[in-house]
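Residue numbers (the numbering used here): 6 to 441.
Ideal placement from N, C-alpha and C gives every residue a C-beta, glycine not left out.
Read the structure below first, then the notes.
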Amino acid sequence: MVSRRTVAQLLVVLALAGAAWWFLSAFAVRHGSFDLKVYYGAVNYWARGDGEVYDYVKPFSKYGFTYPPFAALTMSPMAILPWWAVNTLAIAGTVAVTLVVLDWFLRPVATRYGWPRWFTVAVAACVVAIFEPLRETVSFGQVNMLLLFLVLLDFRLFIGRGSRFGGVAVGLATAVKLTPGIFVLYLLVTKRYRAAVTAMATTFAATVAAMLIAPDASREFWTDALWDTDRVGTLSFISNQSLEGLVARLNPTNPSTALWAGLVVAALAAWAWRARRAAAAGDDLAGVALTGIAGCLVSPVTWIHHLVWTLPALLLLFDRALAAPGRRRWVWLGLCTGVYALLCSRLVWGYADHFTDIGLLYSNAYVYASALLLMTLPIVAGPVPGSGEPPGVAQLGQLDDGAVRPPDRIAGRRTVGGEPGPLVEPASLAVGGEHP
C-alpha cells in the first residue's frame, strides 16, 4: 500500500513538473534541434559521398559541422537511422545522463534528510528543466551533457579510485570536442600524471584512428575548419558568454587580443590556485566543478548551452549550503539561488544589441556569474585524491550503498584525531569570524 508520505511526494513532483512545463511553454525558445540537424545532415552528406563532412552547410543557414573527425565517426550511425529516431535518442540520452548526474550530486542531500532518492532526483529534474543552459542543450540537440557525464564518470569510477583506466573517458570526451581537454590540465595541476597521460594518449589514439579512417576529413579539419571562426558564429554574439565574448562586445569591430589574453591568464591562474587548494584538501568534487567553470570562461566560444558545465558547481554549492552551519548556510544558499535564477532568466538576451553603459553589465551577466562561482565555490576537507581513503561527501565516488553518513561526514569534513577537519572556503564567504 502506498503511504501518505509517498502520495504527498508524488503530488509535490507533479506540481513542480506542471510549473516547469508552464515556464517552458511560456518563456523557453524552441530551436527545433538545430544543431542535431546539422550533425545529421553532415553525416548523411558524407555517407552518401556528396563531399567531405566539413563541406556540408545546413540549408538556409551558414552553419556546418565543427567538431573533430572522431566526433563525425562516432555520429556516423545516424546515417542509417531516420531523423525521428535520432532526435528521440538524443533527447532521451540527454535526459537520462542528466538524471544520473543529479543523483550523483544530490545523494548526500537525500541521505542527510532521509528523502527517497527518486523524490530528490525528480524534484531536482523539475528545477533544472528550466535552467537555460540545459533547456538550450535539449532544444538545440547538443552533446554537452553527454560529455559532462563522460568526464564525471571518469572521475567517479576510475580516476578517483586510482584505476589504470582513469583518464580514458576524459580523453574520449576531448577527442569528440576539444574543450573538455581542460580536465587534462586539471589532472596535471593536481599531479595525477598517470591519468593525465592516459587521457592524452586516448585523445591521440582516437585522433589518429580518425585520420586513418577519414584522412581527407582529418586534413581539412586540422588545417582549415578548426581555424575558421566564422564556422561557429560571431564572437560578439550575445550567446557567447566567455571572456572572449565579453572582450568582443567591448569593441565588436576590433576586439583586443591582449585584453582577452590577460583575462584568460588571470582566470587560469585563479582556477589553478583554487584547484590546487581543492586537491590539497582532498576535495576532488570541487576541483572538477571549478575546472568546468574555468573551461567556460577561457574557451573562445562558450554558447549558453555550454554553461551546463556550471551545473556541478551549483549542485555542489546547494549541497554544501544545506550542510553548513549558521549564517554561512544562508549566504551560500543565496549565492546558489541567485546564480541559478540568473541562468534561468534569459537576461542577456534583452541586451543582444546593447553593449555599452548598463548593457555592458547585463550583456555579460553570465560571464560574471561564472567568474563569481570560480572564486567562491566552497572547498571542504576530505580524502586526498589517490590516497586510497574511503570517499566521503567531498569525493565523486560517494556512498554508493546509501548508508547513513556518520556525524563527522555530515558537513563534508575529514576527521583528524577524532575532531572534524577544517572547512576550507573562500575568505569572501567566511561569515561570522574564523573557520570552525
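| Check | Outcome |
| --- | --- |
| Phe170 versus Ala201: straight-line alpha-carbon distance, rounded | 11 Å |
| Beta-carbon gap between Glu249 and Trp265 smaller than 8 Å | yes |
| N-terminal and C-terminal residue of the alpha helix (DSSP H) that Arg197 is part of | Counting along the chain, Arg197 falls outside any alpha helix (DSSP H), and DSSP gives it neither H nor E. |
| Test item: CB-CB of Ala90 and Leu107 under 8 Å | no |
| Outcome for Val270 when other beta-carbon atoms lying within 10 angstroms are tallied against a minimum of 16 | exposed |
| Burial state of Phe209, where buried means 16 or more other Cβ atoms lie within 10 Å | exposed |
| Neighbourhood of Tyr50 by C-beta distance below 6 Å, restricted to the same chain and skipping five residues each side | Tyr61 |
| Whole-Å CB distance - Leu340 paired with Ala299, under 8 Å assumed | So it is not a contact: roughly 18 Å between Cβ atoms. |
| Touching by the beta-carbon criterion (3+ pairs, under 8 Å), the segment 141 to 151 and the segment 29 to 49 | yes |
| Cβ separation of Tyr356 and Ser368, assumed to be a contact under 8 Å, to the nearest whole Å | 4 Å |
| CA nearest to the CA of Cys131, picked from Phe70, Gly98, Leu16 | Leu16 |
| Distance CB(Thr103)-CB(Leu155) smaller than 8 Å | no |
| Three-way DSSP call (helix, strand, coil) for Val336 in this model | helix |
| Cβ contact (3+ pairs, closer than 8 Å) linking the segment 188 to 198 and the segment 277 to 285 | yes |
| Same chain only: Cβ atoms within 6 Å of Ala416, ignoring 5 sequence neighbours per side | For Ala416, the pLDDT reaches just 36, beneath the cut-off of 50, and the residue's location in the model is therefore unreliable, leaving the point undetermined. |
| Three-way DSSP call (helix, strand, coil) for Leu205 in this model | The amino acid occupying residue 205 in the given sequence is Met; Leu does not appear at that position. Helix at Met205. |
| Check: Ser241 C-beta below 7 Å from any heavy atom of the ligand MG | As for the ligand MG, it is missing from this structure, which has no ligand bound. |
| Collapsed DSSP secondary structure at Met80 in the structure displayed | helix |
| Cβ of Asp60 within 8 Å of any chain B Cβ | Structure shown: chain B not included; a single protein chain is present. |
| Bounding residues of the alpha helix (DSSP H) (the contiguous stretch that carries Lys42) | 39 to 52 |
| Minimum length 4: unbroken alpha helix (DSSP H) runs contained in the segment 53 to 135 | 74 to 80, 88 to 118, 122 to 133 |
| Whole-number beta carbon distance between Val173 and Phe163, since they are thought to touch under 8 Å | 7 Å |
| Arg10, DSSP secondary structure in three states | helix |
| Per-residue DSSP class, three states only, for Gly407 | Bear in mind that the predicted position of Gly407 carries a pLDDT of just 35, short of 50, making it unreliable; the figure below should be weighed with that in mind. DSSP places Gly407 in coil when its eight states are reduced to three. |
| At least 3 beta-carbon pairs within less than 8 Å: the segment 331 to 345 vs the segment 293 to 311 | no |
| Cβ neighbours of Ala211 in the same chain (closer than 6 Å, five flanking residues each side left out) | Phe75, Ala180 |
| Helix, strand or coil at His311 according to DSSP, with G and I counted as helix | helix |
| Rounded straight-line distance, which links the Cα of Leu111 to that of Lys63 | 40 Å |
| Straight-line Cα distance separating Leu217 from Leu347 | 46 Å |
| Assumed close pair Leu1, Tyr345 - CB separation to whole angstroms, cut-off 8 Å | Because the chain here runs from 6 to 441, residue 1 falls outside it and cannot be looked at. |
| Three-state class that DSSP yields for Asp362 in the structure shown | coil |
| Coarse secondary structure for Val181, derived from DSSP in three states | helix |
| CB-CB length for Tyr59 against Phe242, believed under 8 Å | So it is not a contact: roughly 21 Å between Cβ atoms. |
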